[in-house]
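In the working numbering, each residue's number is its place in the sequence shown (first place is 1) plus 1236. Quick reminder that beta carbons are idealized off the backbone N, C-alpha and C, glycines included. One structure below.
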Amino acid sequence: MNAEDVDRAASEAVASVRAADDLESLAAVEAALGAKSAPLNAAKRSLGALEPDQRKELGRRLNEARAEVATAVETRRSELAAAARAELLEAERLDLTESPGGRAGHLHLVTQARDELEDVFVGMGFTVAEGPEVETDWYNFEALNLPPAHPARGMWDTLYLDSGEPGTVLLRTHTSPVQIRVMSESEPPIYSVMPGRVYRRDTADASHTPVFHQIEGLVVDRGISFADLAGTLEAFTTTYFGRSIHSRLRPSYFPFTEPSAEFDITCVFCGGDGCRSCGGTGWLELGGCGMVHPNVFAAVGYDPEEWTGFAFGFGIDRMTAQRNGVDDLRELFTNDIRFLEQF
Ligand SMILES: [Zn+2]
């Protein structure tokens, strides 16, 4: 074997290394190049038969050739390893933008309404507060000027939960206990709305469900008057329902406010002309309100001589149902997706 043979054997070896298209075939090429019969190995063995000068010259050339091949193997190995890694990553990649093909869902109609109501009140400077749905009798009734055996307790068909002492733990019948919690935990001034789920022992029909949603507002500050209450409800009404819809107050009775009132809004169906939905009156009943009773302030340790305030509350479900032309409240909660996806 002469120098040209070595050069040719070296370039063939390098070519076979470069031709390996994965790590497995590279390993096979390496094994073949390491075999005794491989040209470069055979050439090395034949060196001993040469004259010293020739041996030195060819030996140097052989060493260069073997180094060249070894470098080619390492280069190819790292190329193939990188390619294999990239292929693995590609295969295991999750396409997070991939859609399962169905339509996207959306918030429930009642949740949408609750969010919109919160937005209106937050825009008027109120904060949003929440409280537990399982309450004690004290928060739900007593602190709200409804001592045990108060006849007005009959206004709420209460679901009591079994606890150590009968009749002390219940599912809240209104969001008003959150007023007590807010006042117990903070100092005035308070401008807060309290949305949430409430429970009554009631048989479901087109206009009643045993579980429903209320939103309640509480303002406590110095010098708050009934005019502030009326002004706040009017501002809310025109903001939420539109400029042509107004509010009015009618005297009423609630144990926790004095004086108390019902508040109505212009019928959203006839604009006040009178229709079937408003029973010809031009008004729709929305909720209750009044000035916070001094006994309620006393229950939370506020001085009724220093602080005055008002509260109001109304049901979210019925109002939302009316606005969207839903004539049976139960439809809102049977969770039939064909019904709900309309909104
Ligand atoms: Zn009407």
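Pair within 8 Å by beta-carbon distance, residue i and residue j
{"i": "residue 1546", "j": "residue 1528", "result": "yes"}
{"i": "residue 1552", "j": "residue 1349", "result": "yes"}
{"i": "residue 1409", "j": "residue 1394", "result": "yes"}
{"i": "residue 1308", "j": "residue 1254", "result": "yes"}
{"i": "residue 1276", "j": "residue 1246", "result": "yes"}
{"i": "residue 1378", "j": "residue 1407", "result": "no"}
{"i": "residue 1493", "j": "residue 1481", "result": "no"}
{"i": "residue 1488", "j": "residue 1497", "result": "yes"}
{"i": "residue 1549", "j": "residue 1363", "result": "no"}
{"i": "residue 1298", "j": "residue 1242", "result": "yes"}
{"i": "residue 1426", "j": "residue 1353", "result": "no"}
Residues near residue i by beta carbon distance below 7 Å, same chain, minus five either side
{"i": "residue 1477", "result": "1501, 1504"}
{"i": "residue 1521", "result": "1498, 1500"}
{"i": "residue 1509", "result": "1518"}
Close-in-space but distant-in-sequence residues of the same chain around residue i (CB under 8 Å, 5 per side omitted)
{"i": "residue 1365", "result": "1414, 1417, 1418, 1428, 1429, 1430"}
{"i": "residue 1575", "result": "1567"}
{"i": "residue 1542", "result": "1458"}
{"i": "residue 1278", "result": "1237, 1272"}
{"i": "residue 1544", "result": "1456, 1457, 1458, 1459, 1460, 1461, 1527, 1528"}
{"i": "residue 1438", "result": "1393, 1444, 1445, 1446"}
{"i": "residue 1262", "result": "1253, 1256, 1309, 1312, 1313, 1316"}
Candidates the options: closest to residue i by CA position
{"i": "residue 1565", "options": "1508, 1446, 1542", "result": "1446"}
{"i": "residue 1266", "options": "1281, 1248, 1523", "result": "1248"}
{"i": "residue 1375", "options": "1558, 1573, 1536, 1540", "result": "1536"}
Sheet register partners of residue i (DSSP bridge)
{"i": "residue 1529", "result": "Answer is none; residue 1529 lacks a bridge partner."}
{"i": "residue 1430", "result": "1452"}
{"i": "residue 1498", "result": "1486, 1524"}
{"i": "residue 1444", "result": "1441"}
{"i": "residue 1539", "result": "BP columns for residue 1539 are empty, so no partner."}
{"i": "residue 1397", "result": "1405"}
{"i": "residue 1457", "result": "1544"}
{"i": "residue 1516", "result": "Beta-bridge pairing links residue 1516 to no other residue."}
{"i": "residue 1493", "result": "1490, 1528"}
Cβ neighbours of residue i in the same chain (closer than 6 Å, five flanking residues each side left out)
{"i": "residue 1514", "result": "1503, 1520"}
Original post:
In chain order, which continuous runs of the beta strand (DSSP E) of length 3 or greater are located wholly inside the region 1316 to 1380?
Top reply: 1370 to 1372
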